[in-house]
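A.B. asks: Okay, here's the structure, questions in a sec.
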Amino acid sequence: DQQVKQNSPSLSVQEGRISILNCDYTNSMFDYFLWYKKYPAEGPTFLISISSIKDKNEDGRFTVFLNKSAKHLSLHIVPSQPGDSAVYFCAARGTGTYKYIFGTGTRLKVLA
Amino acid sequence: GAVVSQHPSRVICKSGTSVKIECRSLDFQATTMFWYRQFPKQSLMLMATSNEGSKATYEQGVEKDKFLINHASLTLSTLTVTSAHPEDSSFYICSAPAGGNYGYTFGSGTRLTVV
Chain A
20 DQQVKQNSPS LSVQEGRISI LNCDYTNSMF DYFLWYKKYP AEGPTFLISI
70 SSIKDKNEDG RFTVFLNKSA KHLSLHIVPS QPGDSAVYFC AARGTGTYKY
120 IFGTGTRLKV LA
Chain B
251 GAVVSQHPSR VICKSGTSVK IECRSLDFQA TTMFWYRQFP KQSLMLMATS
301 NEGSKATYEQ GVEKDKFLIN HASLTLSTLT VTSAHPEDSS FYICSAPAGG
351 NYGYTFGSGT RLTVV
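So the sequences go chain by chain: A and B.
This note's numbering applies: residue 20 is where the first sequence begins, and numbers increase by one.
This note's numbering applies: residue 251 is where the second sequence begins, and numbers increase by one.
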């Protein structure tokens, strides 16, 4: 059973517009969430994180929103740039563990 | 920042041979290393967790004798795919807890092709 889901396998956005990537989870015990970006044939790189005690975290063009009651988080990229084209994974973990569960990823394509 | 160096980045081997993948933490001590496998268009699937000086913990469905993991030092963990078959062809990635809020630091991955 997939505990972390990214229901959109792909997303295309025009350069300069907002990209919104969504992630849903089923385990209410998850308390820390990460977003990673991955280029083909490379390891993922960390983007941004959020703790369950917050509902928003912002870092430059990247903002992550967390809705605990809906068990939903989203990553907003504004403005989107062609270099943002990659696969984005969300990941979640429970308290006291580094064992993250990853979503299936969303491939973002930013069109110039 | 914390860096995990993974080698080789790409390897092609014949069926029946073994392949070793190395992951080194360059500027920190990795007491724990996670090994993932990624199939095309699928998520990162955790295979096993290695701990320095002790036996690795394998996820359900992962063959221990097939995927040998050794974590002999605080900076080196290895995954050996033994008697490789074409179905073992995949992208293998290691990662280590990097502390703070950064979750994992990932290696650059190894693309294994078994012919």
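All C-beta atoms in this analysis are idealised placements derived from N, C-alpha and C, irrespective of residue type, glycine included.
1) Using a beta-carbon distance below 8 Å, is residue 294 of chain B in contact with chain A?
2) Let me know the beta strand (DSSP E) ranges lying completely inside the segment 276–318 of chain B, each 3 residues or longer, listed in chain order.
3) Pick out whichever of B:342, B:281 and B:347 has its Cα sitting closest to the Cα of residue 61 of chain A.
4) Is there a C-beta anywhere in chain A that falls below 8 Å from the one on residue 308 of chain B?
5) Would residue 115 of chain A pass as an interface residue toward chain B - the criterion being a Cβ-Cβ separation below 8 Å?
6) Which residues of chain A have a Cβ atom closer than 7 Å to the Cβ of residue 358 of chain B, listed in chain order?
7) Cβ of residue 361 of chain B less than 8 Å from any chain A Cβ?
8) Quick check on this structure: which residue in B:363, B:325 and B:336 has the alpha carbon closest to the alpha carbon of residue 256 of chain B?
9) So, for residue 57 of chain A: in the same chain, excluding its five sequence neighbours on each side, which residues have a beta-carbon less than 8 Å away from its beta-carbon?
C.D. replies: Taking the definition as stated:
1) Residue numbering aside, residue 294 of chain B sits at position 44 when the second sequence is read from its first letter. Yes, because at least one Cβ of chain A sits closer than 8 Å to the Cβ of residue 294 of chain B.
2) 282–288 and 294–301
3) Looking up residue 61 of chain A in the first sequence gives position 42. Comparing Cα positions, the closest option is B:342.
4) Along the second sequence, read from residue 1 onward, the residue named residue 308 of chain B stands at position 58. Residue 308 of chain B does not count as touching chain A.
5) For the purposes of this step, residue 115 of chain A is taken as residue 96 along the first sequence, with counting starting at 1. Chain B, which has no Cβ nearer than 8 Å to the Cβ of residue 115 of chain A, makes this no.
6) Reading the second sequence from its first residue, position 108 is the one you call residue 358 of chain B. Near residue 358 of chain B (Cβ distances below 7 Å), the residues of chain A are 61 and 62.
7) Reading the second sequence from its first residue, position 111 is the one you call residue 361 of chain B. True, the Cβ-Cβ gap to chain A drops below 8 Å.
8) Walking along the second sequence from the start, residue 256 of chain B turns up at place 6. If we check each option's Cα against that of residue 256 of chain B, B:325 comes out closest.
9) In the first sequence, the residue the question calls residue 57 of chain A occupies position 38. Answer for residue 57 of chain A: 63, 64, 105, 106, 107, 108 and 124, listed in chain order.
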